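Participant: Residue numbers (the UniProt record's numbering), protein chains in the order written: chain Z, 1 to 378; chain L, 1 to 378; chain R, 1 to 388; chain V, 1 to 388.
Note that beta-carbon positions come from the ideal geometry of N, C-alpha and C, so glycine has one too.
A quick note: this is a predicted structure, and the numbers were derived from the prediction, not measured.
This is the structure I have questions about; it appears just below.
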Amino acid sequence: MDFTYDDEQQALRDAVRGLIGKKYSDFETRRQTVAADPGFDETTWSRLAELGALGLPFSEDDGGAGAGPIEVAIVAQELGRVIAPEPYLTSVVLAGGLVADAGSDTQRAEILGALSAGESILAFAHDEPGSRWAPTASKVTASGSGDAWTLTGVKEPVLAGARADTLIVSAALPEGGTGLFVVDPANTDRTGYPTNDGGRAARIGFNGTAAVPLGVGGDATSVIATGLDRARIIAANQAVGAMEVSLHATASYLTSRKQFGVTLNTFQALNFRAADMYISLELTRSIVDWATMVLVEGTSEEIADAASRAALQTSRASRHIGQEAIQLHGGIGMTAEYSIGSYTSHLTALDHLFGDGNHHLRVLAGKVGDHADVDPLG
Amino acid sequence: MDFTYDDEQQALRDAVRGLIGKKYSDFETRRQTVAADPGFDETTWSRLAELGALGLPFSEDDGGAGAGPIEVAIVAQELGRVIAPEPYLTSVVLAGGLVADAGSDTQRAEILGALSAGESILAFAHDEPGSRWAPTASKVTASGSGDAWTLTGVKEPVLAGARADTLIVSAALPEGGTGLFVVDPANTDRTGYPTNDGGRAARIGFNGTAAVPLGVGGDATSVIATGLDRARIIAANQAVGAMEVSLHATASYLTSRKQFGVTLNTFQALNFRAADMYISLELTRSIVDWATMVLVEGTSEEIADAASRAALQTSRASRHIGQEAIQLHGGIGMTAEYSIGSYTSHLTALDHLFGDGNHHLRVLAGKVGDHADVDPLG
Amino acid sequence: MHLKLSPEDAAFREELRTYFTTEIPQEIRDAVAQRRELTKEQIVTAHKILNKGGYAVPHWPTEWGGRGWTDLQRHIWHEELQRANVPLPLVFNSSMVGPVIAAFGSQEQKEKFLPATANLDIWWSQGFSEPDAGSDLASLRTTAEYVEDESGARFVVNGQKTWTTLGQYGDWIFCLVRTDPDVKKQAGISFLLIDMTTPGVTVRPIELIDGGHEVNEVWFEDVQVPAENLVGELNRGWDYAKFLLGNERVGVAPVGATKRVLASAKEWAGDLVAEDPFLAARFVELENELLALELTALRVSANSADGKPHPASSVLKLKGTELQQAVSELVVDIAGPGAIASGAGEGSDLEHWQARSTPAYLNLRKASIYGGSNEVQRQIIARTILGL
Amino acid sequence: MHLKLSPEDAAFREELRTYFTTEIPQEIRDAVAQRRELTKEQIVTAHKILNKGGYAVPHWPTEWGGRGWTDLQRHIWHEELQRANVPLPLVFNSSMVGPVIAAFGSQEQKEKFLPATANLDIWWSQGFSEPDAGSDLASLRTTAEYVEDESGARFVVNGQKTWTTLGQYGDWIFCLVRTDPDVKKQAGISFLLIDMTTPGVTVRPIELIDGGHEVNEVWFEDVQVPAENLVGELNRGWDYAKFLLGNERVGVAPVGATKRVLASAKEWAGDLVAEDPFLAARFVELENELLALELTALRVSANSADGKPHPASSVLKLKGTELQQAVSELVVDIAGPGAIASGAGEGSDLEHWQARSTPAYLNLRKASIYGGSNEVQRQIIARTILGL
């Protein structure tokens with residue numbers, strides 16, 4: 001068992017930090033970027049493609065770089081550190097991951113090739129009004145056969161849905177189960193809007209919209225489940241990056257901000273709370289690193305378990321750290337001009353994308369009687 | 001709605017404090033008292049009788065003082081303040097309460113008369129190995145009819161069971177339901193032992209032991225349930241007394257104990273934690289006072305609800321305050337010679353006598369959907 | 001000790017309930033229930049209706065519109081307002097500057113300002129905090145220099161205030177200003193009333209993390225303020241501020257409003273409450289803590305006979321804001337995936353409360369910072385009550 | 001980054017697992033599993049068996065019985081001991097005085113003490129804390145006066161130590177003593193080895209709140225200690241103590257033992273886990289936090305190449321003791337009404353673990369106080385790691 005990055009991984013981290021960290025080193029740049037559609041910087045997206053970051057998880061045959069979850073996690077952590085608004089998690093990790101897992105040779109080459117090259121934004125239209133992070137669809141239904149299908153119903157919220165060039169859509173199949181389809185968004189009714197953290201989401205209406213099955217078609221519930229688990233683990237990595245910077249910004253503020261004639265770190269109660277934030281962060285980093293390794297080597301069942309465990313811990317920690325970061329900053333932490341509140345906002349969004357702590361607590365409670373203990377060393 | 005004591009109630013409080021508070025003003029007295037059987041001071045018990053405190057909840061016809069829950073709660077708070085080991089809660093409130101509610105005229109006059117006069121210790125043998133605070137019995141069974149019954153099985157732990165002169169025993173009835181019986185403990189197999197907080201409990205074996213039904217006999221489950229609810233609310237009052245003194249002892253220690261050349265109240269983090277203890281205490285006092293008033297005026301359903309609410313809050317607060325009191329004292333808080341750890345020990349016992357916080361959380365969660373909100377003003 | 005309301009208090013409550021639910025326009029109460037941002041007009045309308053009924057400033061001296069209620073009645077009034085989704089009377093007018101003028105102002109100031117303040121004909125803003133004076137309010141730097149010449153006696157004000165809530169609507173602003181720089185910092189502060197239309201006053205909105213603009217910076221550049229706008233004595237402003245902040249904390253626990261949101265949350269959650277025991281448990285815990293808090297508010301108000309804030313009012317502020325925040329967090333979780341959709345508009349298939357859930361949660365992070373942070377409250381409890 | 005143990009480490013673990021479960025007597029391991037108090041004989045027996053296998057002091061210099069393991073191997077060793085319910089090697093010997101003598105002692109001291117210390121032929125006690133020197137250890141007052149006369153060079157020790165765990169079994173005690181009262185308090189402290197049979201040494205047990213007597217006061221009245229029992233240099237004792245405390249904190253998180261108790265608790269709870277979702281949730285939360293803690297211990301041990309304690313070891317100590325306490329609290333709740341029956345003896349119908357639950361819970365309140373209180377750990381994190 002080894003938690004250290006090898007040289008190539010370190011080089012990747014440095015390269016991504018050089019690009020993204022530099023781009024958003026001034027928080028005002030991020031603020032201006034999210035203020036205007038599409039909510040991220042297309043140039044930066046292209047540079048990420050040039051760096052090979054967009055194709056990391058995909059095989060070289062599909063136009064990717066043939067790396068794996070560790071490398072993807074590195075990118076996610078770096079994005080989290082500057083809360084970069086580029087839709088990496090949704091487009092590359094979630095939607096791209098589904099195509100990699102279930103797409104036909106042609107679909108993979110076409111869709112993932114364009115995605116890796118930065119030429120196409122992909123989105124996964126899955127959440128439905130009233131749904132709660134299940135791997136199934138019910139309000140969007142599919143009808144048809146062979147390669148000729150149509151979809152009807154509403155997906156909302158769909159991250160990056162308004163900007164997406166291609167949609168992967170989940171839909172209830174006539175015979176039961178949930179299928180995955182490739183849809184040209186031009187044929188849908190799309191309304192985009194900002195999310196709380198400056199991202200973008202959309203309502204997408206399907207009204208007999210033409211759709212092509214992803215891969216061989218049929219029930220893809222387990223593919224979606226694993227795709228969501230993967231996204232959970234990578235989202236947790238992104239949260240770790242954001243929490244790390246939140247903590248350091250808070251510690252730095254405590255040593256510089258004066259009240260009552262002294263810097264805030266004169267007040268032991270505040271220092272102790274910062275120490276508790278550090279504890280939350282370290283524990284989370286450990287479990288998220290571990291879950292990322294499980295993503296490399298584990299079965300889908302092990303991945304599901306690790307995803308829930310990482311998500312539970314990350315949910316608890318991101319609330320703790322996000323709330324305390326604002327509180328310890330005081331009034332300035334409430335303002336949009338200053339960065340810290342936006343970190344909390346982003347952590348709140350990440351927490352609710354694929355199931356919050358309570359959701360994963362339920363999942364884990366359902367099977368807690370099945371084992372005597374949890375042993376990460378097997 | 002009024003939270004203040006009237007003059008008579010204040011006088012009662014002063015009188016009990018004068019007796020019990022004085023008796024145990026030196027913690028060493030309490031320590032020596034609980035070290036030897038029967039684990040409390042018989043003389044103090046007699047004085048409580050002389051004061052009228054033992055007969056407070058019972059009607060004057062039954063030899064009592066005809067007062068009510070407010071007065072009983074006042075006594076319990078005072079006992080809690082010095083963690084007095086006298087078996088008031090178990091003998092007067094719990095066992096006596098059942099006799100008052102369900103006993104025949106003769107039984108009430110005899111049993112409650114002797115109890116009020118301090119001549120007889122009463123115990124309620126109800127818990128069974130494996131039981132969890134239900135108002136029913138299963139491992140002790142009753143057989144017989146009319147006034148001629150026998151009991152078989154084991155009750156454990158029975159508070160004050162080894163010292164008791166008369167037992168009230170719950171037992172599963174042949175036709176279903178749980179009955180209450182009066183038993184002479186001489187006919188049982190009793191083994192007494194100390195509880196963690198210096199109290200006394202016993203294993204009591206019944207082996208075809210003669211028993212007389214309490215009152216008209218038959219299923220007494222609802223009588224037991226209300227009896228337990230009453231005991232919960234009074235136990236919470238006792239806990240409030242203990243928590244109040246724990247907090248003040250802790251605050252006082254912080255202002256006197258020196259470390260690093262200064263008193264501990266120089267350390268803001270410790271002061272803030274004491275402030276959080278105060279918040280817990282104040283919130284608990286409010287809900288416990290309220291529950292005590294519900295005990296006076298409410299239906300059995302309202303009493304059950306108030307008992308669970310008071311018990312839930314008290315459980316949370318007594319853990320918080322009990323744990324922090326030791327932690328803020330440091331090493332000395334771990335020693336039996338110093339009082340604070342015994343307060344925590346007693347709070348832990350009170351928390352587990354009639355259902356801990358988790359138990360009451362379950363009860364309340366089962367009916368949370370039945371109301372829009374909780375309105376104490378009706 | 002007894003549980004029930006007296007018949008008089010029960011009748012009093014009924015009277016309030018009827019007035020609030022029949023006199024205040026439904027659309028305003030709906031907006032509150034749906035956690036929408038209120039317009040200035042809605043706030044003013046509700047306030048004026050309350051004032052008409054004698055419900056805007058009942059705690060003022062009777063001479064100026066007060067009602068001489070008992071503490072319990074004031075508690076009932078405060079809870080019933082929230083229960084009926086009525087916007088509270090504008091706090092800057094009714095709980096802050098009004099009581100200060102009534103207690104310390106000159107007869108001229110009282111006559112000029114109090115009726116207009118009670119009726120929200122003047123919208124007051126608060127000018128206390130400064131960028132470098134947060135919890136340490138007394139270190140404020142905005143100066144008011146006394147000048148007396150041919151144009152009359154006046155103060156010339158220079159400096160910057162911040163966190164001025166709803167300052168964009170303000171007609172007048174009451175400020176703490178430094179009038180003597182040479183003494184201990186609390187000793188050189190005065191309490192000044194400033195017409196916000198005076199040249200040199202600039203209001204700049206601050207965007208908050210929920211996207212709203214409810215707070216502002218207010219700049220003063222050589223602003224000329226007539227000397228008669230000084231409240232009370234020169235350099236005694238700190239005392240008046242403490243009086244005001246004490247008033248502010250009374251009834252500061254937003255129990256009623258939080259209960260109302262929690263009850264709404266239960267509706268929004270629907271079947272989930274029965275399906276998800278952990279969600280049910282969160283409702284139980286929050287309801288129980290709110291019950292304990294409400295009872296504490298009742299117990300405390302019943303005991304503060306001398307009009308001074310009971311020391312336990314810090315408990316109300318601290319726990320009240322914590323619960324307000326916890327309920328807002330619960331709503332985000334109930335909103336599920338829809339919690340991120342803060343920008344969803346009319347065409348959205350998500351519920352409005354889902355879209356509002358995260359902005360409301362983020363906005364309420366302020367509750368434990370403003371108005372005496374929870375750290376300040378802990379300090380008060382530790383020092384004043386526990387002697388630490 | 002990779003997940004699995006290497007084949008070598010897996011084999012290493014298997015070897016330990018076999019040794020621990022076959023060589024250590026079952027009755028000793030049962031006593032640990034049932035949370036019974038161990039006798040002195042049981043502790044000594046287990047320690048000697050471990051030492052025979054090379055498992056008592058693997059972290060010492062190889063010259064004195066160390067094994068030159070990697071950090072990961074040491075972690076595995078520590079976890080497997082706890083997993084197999086083996087009493088850990090006596091900490092005073094293996095983690096405290098042994099490493100200090102090995103690092104700073106004279107050759108004579110090494111030869112005289114190290115083999116006997118490794119084999120628990122000498123039972124060491126710790127003499128650091130004093131009644132007025134708790135978290136502020138350096139304010140200790142026990143004095144050692146240097147005397148040289150016809151009977152030889154020696155120290156005369158006077159004073160009192162406290163919280164001496166298992167001091168009733170001690171043969172020797174290692175003490176921090178003040179040898180120079182005139183300098184800054186850390187600077188005048190020396191590290192002295194004292195034979196507890198020397199006249200003037202008195203051990204008095206302290207009763208704890210669980211009714212046990214595991215800690216003691218130790219009194220020194222004109223105790224004559226040969227000068228050769230000074231470790232290292234005069235007045236450098238504070239440095240050695242810091243070295244020792246650093247050692248103590250490594251692997252201080254009792255993850256394995258806590259996991260074992262949690263697994264037992266699940267057995268004890270039986271059907272309740274399935275019936276009570278809130279109980280299930282507590283198991284989930286504790287298992288998850290223990291997992292995070294164990295992974296942190298692995299991650300940290302893998303990164304501390306220079307042998308110094310990783311700054312994150314404060315996280316291990318703090319969170320480790322919190323979880324240990326939380327698990328003990330869970331067991332009390334599972335015990336239900338039986339939790340009060342601490343005095344129940346052989347004839348009781350309650351389970352032994354029920355009777356032990358509350359004493360164990362109360363006893364473990366010490367975990368966050370002793371060995372550097374959790375407040376001290378927070379201070380270390382804030383200062384050393386966060387620069388506050």
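1) What residue does the alpha helix (DSSP H) around residue 52 (chain R) start on, and which one ends it?
2) Taking the continuous beta strand (DSSP E) assigned at residue 145 (chain L), which residues delimit it?
3) Got a sec: which bits of the stretch 337-349 of chain V sit with their beta carbon under 7 Å from any beta carbon on chain L, in order along the chain?
4) Return no unless some Cβ of chain V is closer than 8 Å to the Cβ of residue 323 (chain Z).
5) Across which residues does DSSP place residue 172 (chain Z) in a beta bridge pair?
6) Any C-beta of chain V within less than 8 Å: which residues of the stretch 322-354 of chain L qualify?
7) Give me the DSSP bridge partner(s) of residue 24 (chain R).
8) Run the CB neighbour count on residue 271 (chain L), radius 10 Å, all protein chains shown included, and call it buried at 16 or more, exposed below.
9) Could you pull out every unbroken beta strand (DSSP E) segment of at least 3 residues lying fully inside the UniProt domain "Acyl-CoA oxidase/dehydrogenase middle" (127-223) of chain R, listed in chain order?
10) Considering only DSSP beta bridges, list what residue 153 (chain Z) is partnered with.
11) Helix or strand or just coil, what does DSSP make of residue 67 (chain R)?
12) How big is the Cα-Cα spacing for residue 377 (chain R) and residue 315 (chain R)?
13) Within 8 Å of any Cβ in chain R, is that where the Cβ of residue 365 (chain L) sits?
14) Among L:150, L:284, L:324, L:350, whose alpha-carbon lies nearest the alpha-carbon of residue 195 (chain L)?
15) Does the beta carbon of residue 293 (chain Z) sit closer than 8 Å to a beta carbon anywhere in chain V?
16) With residue 112 (chain L) and residue 96 (chain L) assumed to form a contact (beta carbons below 8 Å), what rounded beta-carbon distance in angstroms separates them?
17) Across which residues does DSSP place residue 226 (chain V) in a beta bridge pair?
18) How far does the beta strand (DSSP E) with residue 123 (chain L) in it reach, from first residue to last?
19) Hey, how far is the Cα of residue 106 (chain R) from the Cα of residue 95 (chain R)?
20) Name, going along the chain, the residues of the stretch 252-272 of chain Z whose beta-carbon falls closer than 7 Å to a beta-carbon of chain L.
21) Enumerate in chain order the residues of its own chain whose CB-to-CB distance from residue 274 (chain V) is below 8 Å, with the five nearest sequence positions on each side excluded.
22) Determine the direct distance from the alpha carbon of residue 333 (chain V) to that of residue 52 (chain V), and round the result to whole angstroms.
23) Do you know offhand how far residue 326 (chain V)'s Cα is from residue 234 (chain L)'s?
24) Please compile the residues from chain V whose C-beta is within a distance smaller than 9 Å of the C-beta of residue 358 (chain L).
25) Is the separation between the beta-carbon of residue 200 (chain R) and that of residue 123 (chain R) shorter than 8 Å?
26) I'd like to know if residue 187 (chain L) contacts chain V, where contact means its C-beta is closer than 8 Å to some C-beta of that chain.
27) I want to verify the contact list: residues of chain L whose CB lies under 9 Å from the CB of residue 369 (chain V), in sequence order.
28) Please report the residue range of the alpha helix (DSSP H) in which residue 292 (chain L) lies.
29) Look at the Cβ atom of residue 70 (chain Z), then the Cβ atom of residue 13 (chain Z), and state whether they are nearer than 8 Å.
30) Look at residue 120 (chain V) and residue 85 (chain V) and say whether their C-beta atoms are less than 8 Å apart.
31) Can you have a look at residue 18 (chain V) and say buried or exposed, based on whether 16 or more other CB atoms are within 10 angstroms of its CB?
32) From the beta carbon of residue 387 (chain R), is the nearest beta carbon of chain L less than 8 Å away?
33) Could you tell me if residue 260 (chain L) is buried or exposed, where buried requires 16 or more neighbouring beta carbons within 10 angstroms of its beta carbon?
34) May I ask you to list the residues that DSSP assigns as paired with residue 189 (chain Z)?
Facilitator: In this structure, then:
1) Mapped onto the third sequence, residue 52 (chain R) falls at position 52. First-last of the alpha helix (DSSP H) with residue 52 (chain R): 40-53.
2) By 1-based counting over the second sequence, the position of residue 145 (chain L) is 145. Residues 141-145.
3) 337, 338, 339, 340, 341, 342, 343, 344, 345, 347, 348, 349
4) Position 323 of the first sequence, counting from 1, holds the residue named residue 323 (chain Z). Answer no: the Cβ-Cβ gap between residue 323 (chain Z) and chain V never drops below 8 Å.
5) For this step, residue 172 (chain Z) is matched to residue 172 along the first sequence. Answer is Z:141, Z:178, bridged to residue 172 (chain Z).
6) So the close ones are 323, 326, 327, 330, 331, 333, 334, 335, 336, 337, 341, 342, 344, 345, 348, 349, 352, 353.
7) Counted from its first residue, the third sequence places residue 24 (chain R) at position 24. Residue 24 (chain R) pairs with nothing; no bridge assigned.
8) Counting from one through the second sequence, the residue named residue 271 (chain L) turns up at place 271. Under this definition residue 271 (chain L) is a buried residue.
9) 143-149, 152-165, 172-178, 189-195, 201-206
10) Locating residue 153 (chain Z) in the first sequence gives position 153, counting from the first residue. For residue 153 (chain Z), which the question treats as bridged, DSSP gives the partners Z:206.
11) On the third sequence, residue 67 (chain R) is found 67 positions in, with the first residue counted as 1. In this structure, residue 67 (chain R) counts as coil in the three-state DSSP scheme.
12) Counting from one through the third sequence, the residue named residue 377 (chain R) turns up at place 377. Counting from one through the third sequence, the residue named residue 315 (chain R) turns up at place 315. In a straight line, the C-alpha of residue 377 (chain R) is about 8 Å away from that of residue 315 (chain R).
13) For the purposes of this step, residue 365 (chain L) is taken as residue 365 along the second sequence, with counting starting at 1. Cβ-Cβ to chain R under 8 Å: yes for residue 365 (chain L).
14) Position 195 of the second sequence, counted from the first residue, corresponds to residue 195 (chain L). For residue 195 (chain L), the closest alpha carbon among the candidates L:150, L:284, L:324, L:350 is that of L:350.
15) Walking along the first sequence from the start, residue 293 (chain Z) turns up at place 293. Closer than 8 Å to some Cβ of chain V, the Cβ of residue 293 (chain Z) qualifies, so yes.
16) Here residue 112 (chain L) refers to the residue found at position 112 of the second sequence. Here residue 96 (chain L) refers to the residue found at position 96 of the second sequence. With 8 Å as the limit, residue 112 (chain L) and residue 96 (chain L) qualify as a contact, their Cβ atoms being about 6 Å apart.
17) As a first step, residue 226 (chain V) is located in the fourth sequence; it is residue number 226 there, counting from the start. Its beta-bridge partners are V:154.
18) Position 123 of the second sequence, counting from 1, holds the residue named residue 123 (chain L). 122-125 is the extent of the beta strand (DSSP E) around residue 123 (chain L).
19) As a first step, residue 106 (chain R) must be located in the third sequence, where it is residue number 106. As a first step, residue 95 (chain R) must be located in the third sequence, where it is residue number 95. Straight-line Cα distance between these residues: approximately 18 Å.
20) 267, 268, 269, 272
21) Taking the first residue of the fourth sequence as 1, we reach residue 274 (chain V) at position 274. If we look at residue 274 (chain V) and ignore the five residues flanking it on each side, its Cβ neighbours are 280.
22) As a position in the fourth sequence, residue 52 (chain V) is number 52, starting the count at 1. As a position in the fourth sequence, residue 333 (chain V) is number 333, starting the count at 1. Approximately 41 Å, taken between the alpha carbons.
23) As a working note, residue 326 (chain V) is residue 326 in the fourth sequence. As a working note, residue 234 (chain L) is residue 234 in the second sequence. Cα to Cα, residue 326 (chain V) sits roughly 27 Å from residue 234 (chain L).
24) Here residue 358 (chain L) is taken as the residue at index 358 of the second sequence, counted from 1. What residue 358 (chain L) touches in chain V: 276, 278, 279, 282, 333.
25) As a position in the third sequence, residue 200 (chain R) is number 200, starting the count at 1. As a position in the third sequence, residue 123 (chain R) is number 123, starting the count at 1. Not closer than 8 Å, so no.
26) To locate residue 187 (chain L), count along the second sequence from 1; it is residue 187. For residue 187 (chain L), the answer is no, since every Cβ of chain V falls outside 8 Å of its Cβ.
27) The residue given as residue 369 (chain V) occupies position 369 in the fourth sequence. Per Cβ cutoff of 9 Å: 326, 327, 329, 330, 331, 333, 334.
28) Counting from 1 along the second sequence, the entry for residue 292 (chain L) is found at position 292. Residue 292 (chain L) -> alpha helix (DSSP H) spans 268-297.
29) Indexing the first sequence from 1 puts residue 70 (chain Z) at position 70. Indexing the first sequence from 1 puts residue 13 (chain Z) at position 13. With respect to the 8 Å criterion, residue 70 (chain Z) and residue 13 (chain Z) are not classified as neighbours on the basis of their beta carbons.
30) One-based indexing of the fourth sequence puts residue 120 (chain V) at position 120. One-based indexing of the fourth sequence puts residue 85 (chain V) at position 85. Not in contact: residue 120 (chain V) and residue 85 (chain V) (Cβ atoms no closer than 8 Å).
31) Here residue 18 (chain V) refers to the residue found at position 18 of the fourth sequence. By the neighbour-count criterion, in which a residue is buried when 16 or more other Cβ atoms sit within 10 angstroms of its Cβ, residue 18 (chain V) is exposed.
32) Taking the first residue of the third sequence as 1, we reach residue 387 (chain R) at position 387. By this cut-off, residue 387 (chain R) is an interface position.
33) Counted from its first residue, the second sequence places residue 260 (chain L) at position 260. Flag for residue 260 (chain L) reads exposed.
34) For the purposes of this step, residue 189 (chain Z) is identified with residue 189 of the first sequence, where counting begins at 1. Beta-bridge partners assigned by DSSP to residue 189 (chain Z): Z:205.
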